[in-house]
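J.: Here it is: the structure, laid out below.
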Amino acid sequence: ARRTVRTRPPGTPSRGARTGARRRGHRTSDGGRVLTPRPILVIHGSAALLAAGSLGVILWTGLDERPTALAFGALVALGELSRWTGSRVREAAPLGAAGALSYALLGADAGRPTQHGVLQVVAVVLAASLLGSVPHLARGHGPVLDHLARRILTVAFTAVCFQPLYNEDLFGAWGGGPGYPLLLLALLALTALCDAVLSAALARSRTGWPFGPLLRDELRALLGIGSAVCATGAVMALAVAVVGLWALPVFSLPLLLTQLSFRRYAAVRATYRQTIASLARAPEIAGYTPAGHARRVAELSRAVGRDLGLTRAELLVLEYAALMHDIGQLSLVDPVPAGATSGLPAAEQRRIALLGGAVVRQTGVDAAVAVVVERQADPCREQPAAARIVRAVNAYEEKVRDAGPGGPLTALEELRLAGAGEYAPEVVEALARVLSRDCLTVPSAG
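In terms of this note's numbering, the numbers along the sequence shown are unbroken and rise by one, the last being 489.
Quick look at the structure:
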């Protein structure tokens with residue numbers, strides 16, 4: 044009897060890859076149904092229940108101390124109005140976050156004890172955040188659910204830890220000495236840790252990247268705008284307790300200036316990246332490499348670096364080096380066919396890599412990027428992690444173009460068969476995981 048062997052079309056993920064993608068909650072390329080990751084359901088569901096319960100109770104009982112609630116609500120709404128967006132922005136609305144935290148930590152207003160509770164804090168912050176987001180929603184740049192869920196849960200955590208104890212006068216012994224501000228700062232540190240865990244968990248659920256490196260990046264980001272938000276929230280709560288609501292505009296100004304400086308810094312970084320991307324296109328414009336090759340290698344290298352647990356700074360160096368990895372070909376008299384350097388002799392590959400590193404150094408780019416470009420053709424065991432990734436991903440992209448019907452599977456098999464001396468096995472396996480998880484195939488040039 045003849046045995047019929049069924050094959051799937053090139054580039055179609057295997058059944059195991061599709062099943063794994065569904066279990067992790069990622070979209071499959073064959074249109075399969077995707078299940079939402081469980082951590083997202085838990086976080087969003089908890090925030091939704093808390094928000095609905097708080098709004099329901101406040102609508103039934105009314106607001107306590109309306110002037111104070113309106114003042115802090117206006118501050119949070121102003122912070123949301125001045126928010127900015129970006130894929131690498133950790134805290135889009137620092138003023139809104141500081142205002143929300145200060146309201147959660149408010150125990151007195153101009154010497155008079157406050158009576159608002161946890162549910163009112165959550166309701167006021169939620170309503171103000173939604174109100175301040177209306178212009179962004181109208182322009183199609185509204186906050187994602189992750190942003191609102193994190194804001195609600197972190198503010199609720201702070202209020203639960205502070206308001207009941209303060210209303211019971213358990214902090215009375217701390218009120219007259221320096222211990223009370225230190226207690227607020229300690230509570231804000233716990234809140235920042237809680238927010239970092241939530242952010243890392245949401246990112247892990249949406250991307251499938253390792254949780255540890257994501258949490259590490261979130262904690263490192265707290266040293267920037269996160270520390271300013273926590274300090275401003277504590278200072279505003281202490282100042283309002285003494286001088287009243289007039290302290291809000293006074294202590295909001297420094298954070299607004301800090302936010303403006305961060306915006307300018309982000310604009311400079313964006314211009315810097317655009318300059319590098321323009322330089323990376325030089326070999327393509329000159330006809331040395333196929334169109335879009337550098338961009339594809341950079342995107343896939345960043346995904347592999349994420350899977351291997353590289354930090355945010357290391358990923359940035361990796362991305363820049365991947366964009367400029369072929370710039371050394373501009374020094375060649377005769378172009379390499381299709382720009383495929385992975386098939387050249389080792390000595391010729393090193394020569395092109397050294398020429399590329401020299402060009403990168405002359406452009407004023409970070410020296411770490413030049414080192415990665417220079418060492419991408421070194422023996423595998425002597426290469427830094429970023430150079431290993433660039434080398435393997437570049438070879439994969441070149442092999443995919445010439446692999447024919449086999450496509451990604453054939454290219455991966457060739458990388459595995461090349462041996463550990465050619466490509467790092469851990470990088471090749473990380474590349475396979477990325478391709479399987481995201482069902483990613485590198486398109487052909489053109």
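Glycine included, C-beta positions come from ideal geometry on N, C-alpha and C.
The structure displayed is predicted, hence computed values, not measured ones.
May I ask which residues mark the beginning and end of the alpha helix (DSSP H) holding Gly116?
T.: On the sequence shown, position 73 is the one that residue 116 refers to. 109-124 is the extent of the alpha helix (DSSP H) around Gly116.
J.: As an exercise, report each continuous alpha helix (DSSP H) stretch of at least 4 residues that is fully enclosed by the region 289-366, in chain order.
T.: Listed in chain order, the alpha helix (DSSP H) runs fully inside the region 289-366 are 290-323, 325-328, 336-350, 355-366, counting runs of at least 4 residues.
J.: How far does the alpha helix (DSSP H) with Tyr209 in it extend, from its first residue to its last?
T.: Mapped onto the sequence shown, residue 209 falls at position 166. Element bounds for Tyr209: 188-210.
J.: Which of the three DSSP states is assigned to Asp421 in this structure?
T.: Stepping through the sequence shown from its first residue, residue 421 is reached at position 378. Three-state result, Asp421: coil.
J.: Does the Cβ of Ala95 have 16 or more other Cβ atoms within 10 Å, making it buried, or fewer, making it exposed?
T.: Here residue 95 refers to the residue found at position 52 when the sequence shown is read from its first residue. Exposed, because fewer than 16 other Cβ atoms sit within 10 Å of the Cβ of Ala95.
J.: Terminal residues of the continuous alpha helix (DSSP H) containing Ile83?
T.: On the sequence shown, position 40 is the one that residue 83 refers to. It spans 81-104 - the alpha helix (DSSP H) in which Ile83 sits, taken as one unbroken run.
J.: Within this structure, are the beta carbons of Val164 and Val198 separated by less than 9 Å?
T.: Position 121 of the sequence shown, counted from the start, is the residue given in the question as residue 164. Position 155 of the sequence shown, counted from the start, is the residue given in the question as residue 198. For Val164 and Val198, yes; Cβs fall inside 9 Å.
J.: Starting from Gly175, follow the alpha helix (DSSP H) in both directions and report where the run begins and ends.
T.: Residue numbering aside, residue 175 sits at position 132 when the sequence shown is read from its first letter. Where Gly175 is concerned, the enclosing alpha helix (DSSP H) stretches over 161-175.
J.: Taking the alpha carbon of Leu351 as the reference point, which residue from Pro468, Gly99, Phe205 has its own alpha carbon closest?
T.: Residue mapping note: residue 351 aligns to position 308 of the sequence shown, counting from 1. Selected option, being the one with the closest Cα: Pro468.
J.: What is the C-beta distance between Gln372 and Ile395, in whole angstroms, given that I count them as a contact (C-beta under 8 Å)?
T.: As a first step, residue 372 must be located in the sequence shown, where it is residue number 329. As a first step, residue 395 must be located in the sequence shown, where it is residue number 352. Right, the Cβ-Cβ distance comes to about 6 Å (below 8 Å), so this counts as a contact.
J.: Are Ser385 and Ala365 touching if we call contact CB-CB under 9 Å?
T.: In the sequence shown, counting from the first residue as 1, residue 385 sits at position 342. In the sequence shown, counting from the first residue as 1, residue 365 sits at position 322. In this structure, Ala365 does not lie closer than 9 Å to Ser385 by Cβ.
J.: Where does Asp377 land, buried or exposed, given buried means 16+ other C-beta within 10 angstroms?
T.: Your numbering for residue 377 matches position 334 in the sequence shown. With a threshold of 16 other beta carbon atoms within 10 Å, Asp377 falls short and is exposed.
J.: Just how far apart, CA to CA, sit Leu460 and Glu440?
T.: Here residue 460 is taken as the residue at index 417 of the sequence shown, counted from 1. Here residue 440 is taken as the residue at index 397 of the sequence shown, counted from 1. Computed Cα separation, rounded: 16 Å.
J.: Roughly how many angstroms lie between the CA atoms of Leu8 and Leu281, to the nearest whole one?
T.: Residue numbering for the chain in the displayed model covers 44 to 489; residue 8 lies beyond these limits and cannot be assessed.
J.: Would you mind working out which of Ala435, Pro110, Pro137, Gly222 sits nearest Val15, comparing C-alpha positions?
T.: The question about residue 15 has no answer here: the residues shown for the chain are numbered 44 through 489.
J.: How many angstroms separate the CA atom of Ala310 from the CA atom of Asn210?
T.: Taking the first residue of the sequence shown as 1, we reach residue 310 at position 267. Taking the first residue of the sequence shown as 1, we reach residue 210 at position 167. Looking at the two C-alpha atoms, the distance is approximately 45 Å.
J.: What would DSSP say about Ala6, mapped onto helix, strand or coil?
T.: One cannot answer for residue 6 here, as it falls past the ends of the chain, which runs 44 to 489.
J.: From Tyr146 to Phe115, what distance separates their C-alpha atoms?
T.: Here residue 146 refers to the residue found at position 103 when the sequence shown is read from its first residue. Here residue 115 refers to the residue found at position 72 when the sequence shown is read from its first residue. Approximately 6 Å, taken between the alpha carbons.
J.: Go to Gly371, then tell me how far its alpha helix (DSSP H) extends in each direction, as first and last residue.
T.: Taking the first residue of the sequence shown as position 1, residue 371 is located at position 328. First-last for Gly371: undefined, no H or E at that position.
J.: State yes or no: is the C-beta of Ala171 within less than 9 Å of the C-beta of Ala143?
T.: To locate residue 171, count along the sequence shown from 1; it is residue 128. To locate residue 143, count along the sequence shown from 1; it is residue 100. Yes, these two residues count as a Cβ contact at 9 Å.
J.: Considering only residues of the same chain and omitting the five flanking positions on each side of Thr157, which have a CB-CB separation below 7 Å?
T.: As a working mapping, residue 157 is identified with position 114 in the sequence shown. Answer for Thr157: Glu108, Thr111, Leu149, Gly150, Ala151, listed in chain order.
J.: Just reading off the alpha helix (DSSP H) that Thr453 is part of, what are its end residues?
T.: For the purposes of this step, residue 453 is identified with residue 410 of the sequence shown, where counting begins at 1. From DSSP, the alpha helix (DSSP H) with Thr453 extends over 450-460.
J.: Does DSSP put Arg182 in a helix, a strand or coil?
T.: As a first step, residue 182 must be located in the sequence shown, where it is residue number 139. Secondary structure of Arg182 (DSSP, three-state): coil.
J.: Per DSSP, Arg155 is paired with what?
T.: Locating residue 155 in the sequence shown gives position 112, counting from the first residue. DSSP lists Asp152 as partners of Arg155.
J.: Figure out for me which residue from Ala420, Val402, Arg126, Ala120 has the closest Cα to the Cα of Ala323.
T.: The sequence position of residue 323 within the sequence shown is 280, counting from 1. Comparing Cα positions, the closest option is Val402.
J.: Which residues in the same chain as Ala284 place their Cβ atom closer than 8 Å to its Cβ, once the five residues preceding and following it in sequence are excluded?
T.: Counting from one through the sequence shown, the residue named residue 284 turns up at place 241. The answer, listed in chain order, is Leu149, Gly150, Ala151, Asp152, Ala153, Gly154.
J.: With DSSP as the reference, label Thr384 as helix, strand or coil.
T.: Here the question's residue 384 lines up with position 341 in the sequence shown. Thr384: coil per DSSP, three-state reduction.
J.: Does Arg66 pass the burial test, meaning 16 or more other C-beta atoms within 10 Å, or should it be called exposed?
T.: For this step, residue 66 is matched to residue 23 along the sequence shown. Residue placement at Arg66 is poorly supported in this model, since its pLDDT is 43, which falls under 50; the coordinates still yield a value, given next. The residue in question, Arg66, is exposed, as its Cβ has fewer than 16 Cβ neighbours within 10 Å.
J.: Here's the rule: buried if 16 or more other CB atoms are within 10 angstroms of the residue's CB, otherwise exposed. What is Thr354?
T.: To locate residue 354, count along the sequence shown from 1; it is residue 311. Exposed: under 16 other Cβ atoms inside 10 Å.
J.: Got a sec? Which residues, its chain only, sit under 6 Å from Glu417 by beta carbon, not counting five neighbours each side?
T.: Sequence index remark: in the sequence shown, residue 417 carries index 374 (1-based). Closer than 6 Å at Cβ, skipping near neighbours: Ala396, Leu397, Gly400.
J.: Leaving out five residues before and five after Asp260 in sequence, what residues of the same chain have Cβ atoms less than 7 Å from its Cβ?
T.: On the sequence shown, residue 260 is found 217 positions in, with the first residue counted as 1. Correct list, in chain order: Thr354, Arg355.
J.: Rounded to a whole number of angstroms, what is the C-alpha to C-alpha distance between Leu245 and Leu359?
T.: Start at 1 with the first residue of the sequence shown, and residue 245 comes out as number 202. Start at 1 with the first residue of the sequence shown, and residue 359 comes out as number 316. Answer to the nearest angstrom: the Cα atoms are 21 Å apart.
J.: Taking all protein chains shown into account, do 16 or more other C-beta atoms lie within 10 angstroms of the C-beta of Arg480, making it buried, or fewer, making it exposed?
T.: Reading the sequence shown from its first residue, position 437 is the one you call residue 480. Arg480 comes out buried.
J.: Mapping DSSP to helix, strand and coil, what is Gln392?
T.: Start at 1 with the first residue of the sequence shown, and residue 392 comes out as number 349. Three-state result, Gln392: helix.
J.: Mind checking which residues open and close the alpha helix (DSSP H) that includes Pro224?
T.: On the sequence shown, position 181 is the one that residue 224 refers to. First-last of the alpha helix (DSSP H) with Pro224: 222-250.
J.: Compare the C-alpha of Thr437 against each of Gln392, Gln302, Thr406, His179 and name the closest.
T.: Here the question's residue 437 lines up with position 394 in the sequence shown. Rather than Thr, the amino acid found at residue 437 in this sequence is Asn. That would be Gln392, whose Cα lies nearest to the Cα of Asn437.
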